[in-house]
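Quick note: the sequence shown uses the working numbering, first residue 797, plus one each step.
Quick reminder that beta carbons are idealized off the backbone N, C-alpha and C, glycines included.
Please read these numbers as outputs of a predicted model, since none were measured by experiment.
Below is one structure, written out as structure tokens; the observations come after it.
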Amino acid sequence: MKSERPLRQTKARRVIWEELYGVTTHPTAEEVYEKVKKRLPRVSLGTVYRNLELLSQTGKIRKIEGGPQKRFDPNTENHYHFRCRECGRVSDLTLEPVVEIDRAVAQLTGGSFDGYHLEVIGLCPSCRASANRPLREGSKRRT
Numbered sequence: 797m798k799s800e801r802p803l804r805q806t807k808a809r810r811v812i813w814e815e816l817y818g819v820t821t822h823p824t825a826e827e828v829y830e831k832v833k834k835r836l837p838r839v840s841l842g843t844v845y846r847n848l849e850l851l852s853q854t855g856k857i858r859k860i861e862g863g864p865q866k867r868f869d870p871n872t873e874n875h876y877h878f879r880c881r882e883c884g885r886v887s888d889l890t891l892e893p894v895v896e897i898d899r900a901v902a903q904l905t906g907g908s909f910d911g912y913h914l915e916v917i918g919l920c921p922s923c924r925a926s927a928n929r930p931l932r933e934g935s936k937r938r939t
């Protein structure tokens, strides 16, 4: 749920924001904490968790759930993700948005929606190579 009230700018929140926007890896709270701790040695993991949750609730960042750990994304636009089922890494997929989703949801539900999250699950190249698994038929690359 997005809140309309502005967030008070604390030093910890500013550094958390800067560190999150400095990466494209969709980090976990623990990964953000490790980066923030280098700049603010006295910050606690709880402070990082609370601030990430607050930033997510106010719509400043997106929380990605569904895997073993929550991950956080500074890109709040509707976009797609690929999640590796082995290592849990999440990366953005550069695909054209499916604009028909808006119309279809309105027609099927009679309601409206704020956004959507599409996640493709599979093995990243690194995990696939270490498992020495061939590509599945449906995942062949098109050239």
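- With respect to the 8 Å criterion, residue 867 and residue 886 are classified as neighbours on the basis of their beta carbons.
- When the beta-carbon positions are compared, residue 829 and residue 811 stay at least 8 Å from each other.
- Taking a contact to require three or more Cβ pairs closer than 8 Å, the stretch 850-857 and the stretch 888-901 do not qualify as touching.
- Here the stretch 909-918 makes contact with the stretch 873-888; the two share three or more CB pairs at distances below 8 Å.
- Nearest to residue 869 by C-alpha distance, out of 804, 837 and 819, is 819.
- A distance of 8 Å or more separates the beta carbons of residue 842 and residue 865.
- For residue 922, the secondary structure class from DSSP, reduced to helix, strand or coil, is helix.
- With contacts defined as CB atoms closer than 8 Å, residue 896 and residue 923 fail to qualify as a contacting pair.
- Its chain contains 809, 850, 851, 854 and 856 as the residues whose beta carbon lies nearer than 8 Å to that of residue 803, once the 5 sequence neighbours on both sides are disregarded; these appear in chain order.
- Secondary structure note for residue 898: its alpha helix (DSSP H) is the uninterrupted segment 896-905.
- In the DSSP annotation of this structure, the continuous segment of the beta strand (DSSP E) that includes residue 889 starts and ends at 886-889.
- Annotated three-state conformation of residue 912 is coil, per DSSP.
- In the structure shown, residue 835 adopts helical secondary structure according to DSSP, grouped into three states.
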